[in-house]
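Quick note on our numbering: the sequence shown kicks off at 4 and runs consecutively.
Working notes, structure below.
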Amino acid sequence: MGGRFVGKVVVVTGGGGGLGRAVAVRVAREGARLVLVDLGVDGLGETADVVAGAVRGTDVVQIVADVKREADVARVVAETVRTFGRIDGFFNNAEVAGERRRTEDYGPVEFDRVVAVNLRGAFLGLKYVLGQMREQGHGTVVNTAMVDGSGNRAAYAASKEGVIGLTRNAGLEYGRHGITVKAIAVGSVLTPPLEEYLGGLPEGREAAEERVAAEHPMGRLGTQEEVADLVAFLLSDEASFINATTVTIDGGRRVDP
Ligand SMILES: NC(=O)c1ccc[n+]([C@@H]2O[C@H](COP(=O)([O-])OP(=O)(O)OC[C@H]3O[C@@H](n4cnc5c(N)ncnc54)[C@H](O)[C@@H]3O)[C@@H](O)[C@H]2O)c1
Numbered sequence: 004m005g006g007r008f009v010g011k012v013v014v015v016t017g018g019g020g021g022l023g024r025a026v027a028v029r030v031a032r033e034g035a036r037l038v039l040v041d042l043g044v045d046g047l048g049e050t051a052d053v054v055a056g057a058v059r060g061t062d063v064v065q066i067v068a069d070v071k072r073e074a075d076v077a078r079v080v081a082e083t084v085r086t087f088g089r090i091d092g093f094f095n096n097a098e099v100a101g102e103r104r105r106t107e108d109y110g111p112v113e114f115d116r117v118v119a120v121n122l123r124g125a126f127l128g129l130k131y132v133l134g135q136m137r138e139q140g141h142g143t144v145v146n147t148a149m150v151d152g153s154g155n156r157a158a159y160a161a162s163k164e165g166v167i168g169l170t171r172n173a174g175l176e177y178g179r180h181g182i183t184v185k186a187i188a189v190g191s192v193l194t195p196p197l198e199e200y201l202g203g204l205p206e207g208r209e210a211a212e213e214r215v216a217a218e219h220p221m222g223r224l225g226t227q228e229e230v231a232d233l234v235a236f237l238l239s240d241e242a243s244f245i246n247a248t249t250v251t252i253d254g255g256r257r258v259d260p
């Protein structure tokens, strides 16, 4: 099998569904050995099955771990190194979307819950994987941020802007060690959380999708495959001079201040 990830080890947090699964399949097609991390065995097993169906003989390790727990994240890195001896790529992707309500109604407990997974979890991933990559003298991390157009998401918005800051900061620190850290800022892509949101809107599922699609200048949502293509590129050696920055994939939705 040929491809940009032959002989490489890629860890995917939130690998039990959505974009994590799409990225896992994408890099496995190009030869990656995989470590999939998520909260439960069901999603992980499904991803492993999809990978096996797409690419025969891929090495896949499944690890049940909670990215907001330091001991879990340390275990993910240690177990990966024990199994494969290295980590070439780390897709720092696990998330919770959180409640949607305006800021004055947003609960502090919910705020802390979302930030714990999306921001603290992303930080812990960086903290543990960067130490390993520094010892190796190489490696790439792709963090997951977002492009928002709707409001009502204080914790999610804050955590994802925080991820952009973490990306910039870590890229500055580790570039000299042969390591790159980048983020993607994603527009709307049909994955389980967006599906759930659209399905719960009073206007109805179809009308809601049309409205959200229309917020994107291309008049449609992004696909999981389009995001997976970008992440695979960013994790590959082809993106070796892209560091400490965020790449937007949103069909033109983002309006920069
Ligand atoms: N889909 C979109 O439209 C969109 C838009 C912008 C950004 N993103 C970002 O893309 C990434 C993937 O989102 P998605 O749409 O695929 O969501 P998803 O819910 O399908 O996948 C997220 C995965 O993370 C896992 N997870 C949640 N909490 C965890 C924890 N504490 N520890 C370990 N795993 C945990 C979930 O079980 C799930 O499998 C997220 O970071 C999200 O913010 C997605």
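Ideal placement from N, C-alpha and C gives every residue a C-beta, glycine not left out.
What would DSSP say about residue i, mapped onto helix, strand or coil?
i: Gly-43; result: coil
i: Ile-252; result: strand
i: Gly-225; result: strand
i: Val-9; result: coil
i: Val-234; result: helix
i: Ala-257; result: In the sequence under discussion, the amino acid at residue 257 is Arg, which differs from the Ala named in the question. Three-state result, Arg-257: coil.
i: Val-26; result: helix
i: Ala-211; result: helix
From the DSSP secondary-structure annotation, give me the bridge partner or partners of residue i.
i: Val-184; result: Val-144
i: Thr-1; result: Nothing about residue 1 can be reported from this structure: the residues present for the chain run from 4 to 260 only.
Look at the alpha carbon of residue i and the alpha carbon of residue j, and state the distance between them as a whole number of angstroms.
i: Gly-174; j: Thr-143; result: 10 Å
i: Thr-226; j: Leu-193; result: 7 Å
i: Gly-6; j: Thr-147; result: 24 Å
i: Leu-224; j: Gly-154; result: 18 Å
i: Val-84; j: Arg-214; result: 45 Å
Can you tell me whether residue i is buried or exposed, with buried defined as 16 or more other CB within 10 angstroms of its CB?
i: Leu-39; result: buried
i: Met-221; result: exposed
i: Glu-212; result: buried
i: Asp-41; result: buried
i: Thr-106; result: exposed
i: Arg-179; result: exposed
i: Ser-191; result: buried
i: Thr-248; result: exposed
i: Gly-56; result: exposed
Practice task
Only counting runs of 3 or more residues, tell me where the beta strand (DSSP E) segments fall wholly within the segment 28-93, in order along the chain.
Solution key: 36-41 and 63-67
Practice task
Return the chain-ordered ranges of every alpha helix (DSSP H) run that is complete within the segment 92-136 and spans a minimum of 4 residues.
Solution key: 111-118
Problem - Entirely enclosed beta strand (DSSP E) segments - the segment 150-203, minimum 3 residues - result: 182-189
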